[in-house]
Each structure stands twice: as structure tokens, then as C-alpha cells.
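Engineer: Protein chains in written order, with my numbering: chain A, 1 to 365; chain B, 1001 to 1365. Think of the CB as a built atom: it goes at the ideal place given N, C-alpha and C, for glycine as much as any other residue. Predicted model, so just to flag it, every value in this text is computed and none were measured.
Protein chains: 2
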Amino acid sequence: MMPDPGLASWLQLSLTPGLGPSSLRSLLKRFGLPQAVLARKRAELTAFMTPAVVEALDSERVAQSVARALEWAAAPGHEIVTLADDTYPKALLEIGDPPPLLYAHGDVSLLQRPAIAVVGSRNATAQGESNAAQFAKALSDAGLAVVSGLALGIDAAAHRGGLAGRGSTLAVLGTGVDVVYPTRNAELAAEIARKGLLLSEFPLGTPAAAHNFPRRNRLISGLTRGCLVVEAALPSGSLITARFAAEQGREVFAIPGSIHSPLSKGCHSLIKSGAKLVESAEDVLAELSGFRPSGYASTAMETANADIGLLAVMGHDPVDVDSLCERAGWSAEQVTSELLRLELDGRVTALPGGLYQRLEKAPRG
Amino acid sequence: MMPDPGLASWLQLSLTPGLGPSSLRSLLKRFGLPQAVLARKRAELTAFMTPAVVEALDSERVAQSVARALEWAAAPGHEIVTLADDTYPKALLEIGDPPPLLYAHGDVSLLQRPAIAVVGSRNATAQGESNAAQFAKALSDAGLAVVSGLALGIDAAAHRGGLAGRGSTLAVLGTGVDVVYPTRNAELAAEIARKGLLLSEFPLGTPAAAHNFPRRNRLISGLTRGCLVVEAALPSGSLITARFAAEQGREVFAIPGSIHSPLSKGCHSLIKSGAKLVESAEDVLAELSGFRPSGYASTAMETANADIGLLAVMGHDPVDVDSLCERAGWSAEQVTSELLRLELDGRVTALPGGLYQRLEKAPRG
């Protein structure tokens, strides 16, 4: 799309090394739009930044960065949204430090959709990932965009669930929007760029750096009406996101688990501090004030119930094929073929020793 | 011990068919102690009961019941405590409908000890029973008497944990105190009579009847400062106890679990309604205002840590012996012998197919 004529000025200010977002907001507050800032005599700007930063403003290096960003933004599906744009997400305007620029790749209309954060551990359990995907799918089907951080584990499962539903998904990156991190999620990132939205406040090409991720987390919560933590250790980045959510006045939700699971400790700690314990997506939706779920499809639930035969006789403990034949009154062929189907469908997992165990799907809200 | 000289009058009133606890309390309120009630002209009593009941008061049948109860109370370890006795538990005086009489078998001094209810499902999981025993042991060691209902499952495990600690245990029965129900807990009941206390408000010989158990549950909560629900389905008797606890101004605690476990649904429902989510006995103790845990022994924790070697490499999923040998760098003999020891110690459970899985002990508060 055609760039906003003032975009070059926004980029010039934001890409000047040493000129951080808070200095930029001070400049905008004092002088108005970036074009007005840049029209000022440079000496006037020294009240807001060091002489070295003022000098950098008009450097060749910054000019080149601006040119590259404008070139990037001209490509289809790419957009740079500024604080002054109508498309800037309203939810972010409520937080203390909204980023001046957002680099977006994908369906920018998602910035206007009511959203829910679904986050959790990178080292999630299989059950945790299954829960994340199921909650995200149901929340997405209710019309919410699912926001997460493109990390391995819970984040990736949440994005996949969001993509599978009507509300789609939004990945907020701690790198430049053109950098895929972690690389194992490259395919997922490509799918999100096609069907959802990749978003970052960091300049193009920004590599992964530990200190950028907590900063990024405030956007994950800031974009949303609430933050669901699926599995989290103590301490963990997900708890940082949840803390931002609480500070930003968003609802915080947590899924409980065994008191012996290290990955439930973070969720339990949140519940002790006032987060809502949730057992289903419906529990989450019930707490989102002013949000009315739209067009609930019942197909997923119906599909889930079709498999109930073998699953029901499996119970919740590891079990072998012989026992299943006996319980279901089926032949070994029938049982193994059904087990394979359920395994491919992520409903059953194979354990060492020829045992199988149910992998529960989350109750669908 | 020598019976209170007025005890026969208490018994005569309370054992008269048709004269319930609330009528009895009305009589006491009007006339004073039971002896004073019985000194009244029978015609005067018809304002409080039907003529048939008045007639029954002086019947041979009631006289025989009184004689049998007095005989029972004269045996060592037996005691009938009335509302007028100094030994009547103070906590029960706070509830709306304190029973006029308590039949006690065991250490009556436990009625004066600060107490905590630990309750849950009869059809508990192995992990749930282990949690119940560990929480109960730690709470008992902190000086609390553990109160439960002598049911199978969580109740039985809670009593065992209480017996293993310093604070002992108190079983409140829904039958006569001389009736053991369920019979599978006969040995446990005998041990509680020796080292703890069996307690009932029901006349001697009262058999198990469904409607008496919810009524009994109000005493389980009423005797305590708080009620911990370990595992509970929806709906369940444990939730009735928890509701009584909340109505009586007691703290309610619940242990969370998987959102897919039917036995966690009751606990999650309680937490959603305001019960405290607890992960350890320490969490419970921290909430019991005015109760200061006494003489914490650290031995149990030290013992628990000694086994950490093989347990640590077991992780939390089912695993076979070969994998354990590889992970621990031990011989198969070493691993199997250690597994047996851990199994006997209730730390590990054997699954079909030659697999083993950790059975977690609750974090000790």
C-alpha cells in the first residue's frame, strides 16, 4: 500500500540510535507530529537529546535505514502503523508506553479485533500444548484474535489453535518483524503472515536479545482484554506477561494442574494472587465483560464426541491393547487401527511398553 | 470415668423417639438443665412435644436405652460429653445447631485441640490419597488435630496422616460411635480409638443411613478452623462439608489438579467460589489466623530428599527399567532393588507393561 507521507519522518526519528520511544513521545508532545519535530532547528532539539543523538538524526546511516524500511513497507502484506494512524490498535493507547511504530506483516485488520492473550512455557507438556490449542481454537471461534509470542511450546500451540478458529491469531515478536525466532517456528510464522498477523515494535532486522522479550510481553497483554496462562514455571516470562496484564487492567486467567507439576506452579501462583481459575474457554468468555461471543460453531464438539467409544473405555491411565479389546469388545485390528487414528488426531499418546494413554482435549467453552 | 450425675437425664431426653435436637434445645432454653425439664409435670411439656412423645419419655424402652448408654460410658475410653460439660468443644458452640450430646471413644482431650478438616472423595486416585496423607501428616505435626469422616479414600488417608503426626486425628461418624462403617475401615477405626478419637452425635447402635451423613458433615467442619478438600467430584459430600465450613465462617482450602480429572472438578469449583488454592500444608497454615504451628520436625523432609537420586531421573512420565539404568548409570539390579524400596515406600507405582511412575508426595508445609 502507499505509505503515509509522514511515515519517513516517523521512521527517521524512531530509527535514530539513542532516541528511544520515551524521548520520541516527549518530542511529539512538545512539537506535534514527527515532520514538525524534524522541521525544528537542530539546536532546539538538544533539550531532548544529547548532541551526538541530534547529529545522528541526519546521518547517512539513519537515512539508509529509513529507505530500507520504506522499501519493506511497500511490499504486499507489509505495513508500518504509527501512533497517529487510525489503524493503530485502540487497546495499546490505554497502556503507559505505547510503541510509536508497529511493523506489521499479514492481516492488519486483526489490530481492530477484540483479542485474548494465550501464553505459557516453552518447555510445555504434551497435555499443556493440547490445552493451549483447544482453548485458543474455542476462543478464536468465539470471535477473539489469539495473541501470543511465537515461542516454542504453549505459544506455538496457541497460534495454531487461533489459526484453526474464526478469530485468527496475532504473533507479537521480540525481534524485527522480518526475523523469525525461533527458527523452528519458521513455517508457523509464514502461515501466520498469510492468515494472521506478525507484529513487532522493533526495527527491521532486530535480532533476538533477551532484554527485548519482557518489553515485548507488555504488548502481548496490552493488545488484549485478558491473558490466559496455560502452563508456567516459577519464575517465567509468562508471569511477566500476566503481571503486565494485571497492571494494564486486563483480566488474568490460569489453568490449574497437579501440585507436583513444576509447570503448574506459575499458574497456581497467579490464582493465589487473584487470577481466575479456568477449566474451559467458556470460563474465560464469561469473564470478558462487554464481549459477546459470536457464531459459536458446534462442529468441533460433535467431532470430539464421535471418538468417545474407545476413549471412554481407555480411562485415564496407561493401558495395553489387549485390555482395550476386552473392554471395547473389539478385535485387535479394530483397536489398533482406531488407536492410530486417535494418535494422529492427538487424542491418544503411545507410551513405551506397548501402552497407550488418553491425551485429553480441553473442555470446549 | 464416673458419669456426670445429670447424664442420665441428658440421655433420657435425647434418646426419646420423636424428641429431636432442636426440640431438646428449646426445652433446655425454657427450663434449664435436663434434670429441671424432667422435674416438670408432664402436662407442662406438651407445649413442646406431642402427647405421644411425652408418653415415650418415661417408657421402659427409653429407660433401657439410657441404661445401655450409661453402661457403655462406664467403660474405659468411653465418654458422653454434653453441651453443659466444660469438655464440650468450644468450636461447636459457635455453630447454629450444636448437638446436645457427643459420644466419644478415645482421647477426649483432642476435643480441645485446634483442628483442621481434611476431606474428599471415596473413589480417590492414588495421588489424591498420597496428597491427603502428606498434608494431614504435616498439619498434624504442626499441632492440629486432623478431622475427617472415616470414609474410604481421602478420609482414610487423612486419618492415617493425622495419626502419623503429633496432632492426631478425630473421626466424626454418621453412625453410632460403636458402629464401624464402612467395615473395611475397622482396623483404622480401632487405631483411631486407641490413639485418636471417634466421635458421634448419634445414639449408640445407629446404623449407616444416607440422610445422617450430610448432617454429620456439619460437625466435621464445625469442629475445625478450616476445611481442606483434597479431591472431590461434582456434586459430592465433600462439597457439602465445604459449604458448611464457609457458612460457619471457617476457611475453605482446595488442592487443584488437572482440568481433565473428574476428581478435581469439585476442588476447582470451590476455588472459583473463593476457596483458597493450596499447594502445601504451609499454604494452609499461613491462612489459619491465630494459629501458630508448634515444633516443626524436619525429619520427614530429610527422608524425602534421600531418595531423590532415582526419583529425579524418573521424571514424571511412565518409564521402563532399561531407561532408568541408562539415565542413572546404575545396574539393572541396583535399579530394580531401589524401585522396590520406593514402591514399598509409596513413592513409585508399577504400571502394566513393566513401566514405573513416580507417585509424588505432597510438598510438606
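Listed from N- to C-terminal order along the chain, which residues in the segment 264-281 of chain A have their beta-carbon within a distance smaller than 7 Å of any beta-carbon of chain D?
Structural biologist: The displayed structure is made up of protein chains A and B, and chain D is not among them.
Engineer: Would you call residue 1196 of chain B buried or exposed, if buried means 16 or more other Cβ atoms sit within 10 Å of its Cβ?
Structural biologist: Counting from 1 along the second sequence, the entry for residue 1196 of chain B is found at position 196. Residue 1196 of chain B comes out buried.
Engineer: Give, in chain order, every residue of the segment 243-259 of chain A whose Cβ lies closer than 8 Å to some Cβ of chain B.
Structural biologist: 255, 256, 257, 258 and 259
Engineer: Have a look at residue 1077 of chain B and residue 277 of chain A and give me their C-alpha separation to the nearest angstrom.
Structural biologist: For the purposes of this step, residue 1077 of chain B is taken as residue 77 along the second sequence, with counting starting at 1. For the purposes of this step, residue 277 of chain A is taken as residue 277 along the first sequence, with counting starting at 1. Those two C-alpha atoms are separated by around 46 Å.
Engineer: Between residue 56 of chain A and residue 16 of chain A, is the Cβ-Cβ spacing less than 8 Å?
Structural biologist: The count along the first sequence starts at 1 and reaches residue 56 of chain A at position 56. The count along the first sequence starts at 1 and reaches residue 16 of chain A at position 16. A contact, by the Cβ cut-off of 8 Å.
Engineer: I'd like to know if residue 235 of chain A contacts chain B, where contact means its C-beta is closer than 8 Å to some C-beta of that chain.
Structural biologist: Counting from one through the first sequence, the residue named residue 235 of chain A turns up at place 235. No, residue 235 of chain A lies away from the interface with chain B (no Cβ there is under 8 Å from its Cβ).
Engineer: By DSSP's criteria, residue 1148 of chain B is part of a beta bridge. Which residues make up the other side?
Structural biologist: Taking the second sequence and counting its residues from 1, the one referred to as residue 1148 of chain B is at position 148. BP columns for residue 1148 of chain B point to B:1171.
Engineer: Residue 1200 of chain B lies in the beta strand (DSSP E); which residues open and close that run?
Structural biologist: For the purposes of this step, residue 1200 of chain B is identified with residue 200 of the second sequence, where counting begins at 1. Residue 1200 of chain B -> beta strand (DSSP E) spans 1197-1200.
Engineer: Determine the DSSP secondary structure at residue 1097 of chain B, reduced to helix, strand or coil.
Structural biologist: Position 97 of the second sequence, counted from the first residue, corresponds to residue 1097 of chain B. Three-state DSSP puts residue 1097 of chain B in coil, outside helix and strand.
Engineer: Buried or exposed: where does residue 266 of chain A fall if 16 or more other Cβ atoms within 10 Å of its Cβ makes it buried?
Structural biologist: Counting from one through the first sequence, the residue named residue 266 of chain A turns up at place 266. Classification of residue 266 of chain A: buried, given that the 10 Å Cβ count is 16 or more.
Engineer: Report yes or no: is there a C-beta of chain B within less than 8 Å of the C-beta of residue 89 of chain A?
Structural biologist: Numbered from its first residue, the first sequence carries residue 89 of chain A at position 89. Not an interface residue.
Engineer: Return the Cβ separation of residue 199 of chain A and residue 170 of chain A in integer angstroms, given the expectation that the two are a contact with Cβ distance under 8 Å.
Structural biologist: On the first sequence, position 199 is the one that residue 199 of chain A refers to. On the first sequence, position 170 is the one that residue 170 of chain A refers to. Contact holds; Cβ gap of about 6 Å.
Engineer: Should residue 1107 of chain B be labelled buried (16 or more other beta-carbon atoms within 10 Å of its own) or exposed?
Structural biologist: Residue mapping note: residue 1107 of chain B aligns to position 107 of the second sequence, counting from 1. In summary, residue 1107 of chain B is buried, with 16 or more beta-carbon neighbours lying within 10 Å of its beta-carbon over all protein chains present.
Engineer: By how many angstroms is the C-alpha of residue 1279 of chain B removed from the C-alpha of residue 1134 of chain B?
Structural biologist: Position 134 of the second sequence, counted from the first residue, corresponds to residue 1134 of chain B. Position 279 of the second sequence, counted from the first residue, corresponds to residue 1279 of chain B. Rounded to the nearest angstrom, the two C-alpha atoms are 11 Å apart.
Engineer: Using three-state DSSP, classify residue 233 of chain A as helix, strand or coil.
Structural biologist: Here residue 233 of chain A refers to the residue found at position 233 of the first sequence. Coil.
Engineer: Measure the CB-CB distance between residue 97 of chain A and residue 22 of chain A and report whether it falls below 8 Å.
Structural biologist: The count along the first sequence starts at 1 and reaches residue 97 of chain A at position 97. The count along the first sequence starts at 1 and reaches residue 22 of chain A at position 22. Contact: yes.
Engineer: Quick one, are the C-beta atoms of residue 1366 of chain B and residue 1224 of chain B less than 8 Å apart?
Structural biologist: Lying outside 1001 to 1365, the shown extent of chain B, residue 1366 of chain B is not represented and no answer is given.
Engineer: Within this structure, are the beta carbons of residue 1204 of chain B and residue 1159 of chain B separated by less than 8 Å?
Structural biologist: Your numbering for residue 1204 of chain B matches position 204 in the second sequence. Your numbering for residue 1159 of chain B matches position 159 in the second sequence. Their beta carbons are not under 8 Å apart, which means residue 1204 of chain B does not touch residue 1159 of chain B by this criterion.
Engineer: Keeping to the same chain, check which residues put their C-beta closer than 8 Å to that of residue 1173 of chain B; ignore five residues upstream and five downstream.
Structural biologist: Locating residue 1173 of chain B in the second sequence gives position 173, counting from the first residue. Cβ within range, chain order: 1149, 1150, 1179, 1181, 1198, 1199, 1200, 1202 and 1216.
Engineer: Any idea if residue 73 of chain A is buried or exposed, counting beta-carbon neighbours within 10 angstroms, 16 or more meaning buried?
Structural biologist: Along the first sequence, read from residue 1 onward, the residue named residue 73 of chain A stands at position 73. By the 10 Å Cβ count, residue 73 of chain A comes out buried.
Engineer: DSSP state of residue 1141 of chain B, grouped into three classes?
Structural biologist: Taking the first residue of the second sequence as position 1, residue 1141 of chain B is located at position 141. Residue state, collapsed to three classes: helix.
Engineer: Quick one: which unbroken beta strand (DSSP E) runs of 3-plus residues sit fully inside the segment 1049-1123 of chain B? Chain order, please.
Structural biologist: 1078-1082, 1101-1106 and 1115-1119
Engineer: DSSP has residue 356 of chain A in a bridge; who is on the other side?
Structural biologist: The residue given as residue 356 of chain A occupies position 356 in the first sequence. Answer is A:319 and A:350, bridged to residue 356 of chain A.
Engineer: Cβ closer than 7 Å: which chain A residues qualify as neighbours of residue 1360 of chain B?
Structural biologist: Reading the second sequence from its first residue, position 360 is the one you call residue 1360 of chain B. 260, listed in chain order.
Engineer: Short of 7 Å in beta carbon distance, which residues of its chain neighbour residue 1186 of chain B, apart from the five on each side in sequence? Order them along the chain.
Structural biologist: As a first step, residue 1186 of chain B must be located in the second sequence, where it is residue number 186. Around residue 1186 of chain B: 1180.
Engineer: Compute the Euclidean distance between the alpha carbons of residue 1299 of chain B and residue 1358 of chain B, then round it to the nearest angstrom.
Structural biologist: Residue mapping note: residue 1299 of chain B aligns to position 299 of the second sequence, counting from 1. Residue mapping note: residue 1358 of chain B aligns to position 358 of the second sequence, counting from 1. Its pLDDT being 34, under 50, residue 1299 of chain B is placed unreliably by the model, and nothing is read from it.
Engineer: Does any residue of chain A have a CB that is nearer than 8 Å to the CB of residue 1311 of chain B?
Structural biologist: Residue mapping note: residue 1311 of chain B aligns to position 311 of the second sequence, counting from 1. Output row for residue 1311 of chain B: interface = no.
Engineer: Quick one, which residues of the segment 1071-1087 of chain B are near chain A if we go by CB-CB under 8 Å, in chain order?
Structural biologist: none
Engineer: Do you know offhand how far residue 90 of chain A's Cα is from residue 1229 of chain B's?
Structural biologist: For the purposes of this step, residue 90 of chain A is taken as residue 90 along the first sequence, with counting starting at 1. For the purposes of this step, residue 1229 of chain B is taken as residue 229 along the second sequence, with counting starting at 1. Distance between the alpha carbons of residue 90 of chain A and residue 1229 of chain B: 44 Å.
Engineer: Among the candidates A:227, A:63 and A:284, whose CA atom is the shortest distance from the CA of residue 248 of chain A?
Structural biologist: Position 248 of the first sequence, counted from the first residue, corresponds to residue 248 of chain A. If we check each option's Cα against that of residue 248 of chain A, A:227 comes out closest.
Engineer: Using a C-beta to C-beta distance shorter than 8 Å, which residues of chain A count as neighbours of residue 1316 of chain B?
Structural biologist: Mapped onto the second sequence, residue 1316 of chain B falls at position 316. Near residue 1316 of chain B (Cβ distances below 8 Å), the residues of chain A are 260 and 261.
Engineer: Is the shortest distance between the beta-carbon of residue 1339 of chain B and the beta-carbons of chain A less than 8 Å?
Structural biologist: For the purposes of this step, residue 1339 of chain B is taken as residue 339 along the second sequence, with counting starting at 1. No, its Cβ sits nowhere closer than 8 Å to a Cβ of chain A.
Engineer: Which same chain residues end up closer than 8 Å to residue 1070 of chain B when comparing Cβ atoms and leaving out the 5 residues on each side of it in sequence?
Structural biologist: Along the second sequence, read from residue 1 onward, the residue named residue 1070 of chain B stands at position 70. So the list reads 1003, 1007, 1008 and 1011, once near-sequence residues are dropped.
Engineer: Residues in its own chain within less than 7 Å of residue 1153 of chain B by CB, not counting five upstream and five downstream?
Structural biologist: By one-based count along the second sequence, residue 1153 of chain B stands at place 153. Excluding sequence neighbours, residue 1153 of chain B sits near 1120, 1121, 1122, 1123, 1124 and 1129.
Engineer: Are the C-beta atoms of residue 1355 of chain B and some chain A residue less than 8 Å apart?
Structural biologist: As a working note, residue 1355 of chain B is residue 355 in the second sequence. Cβ-Cβ to chain A under 8 Å: yes for residue 1355 of chain B.
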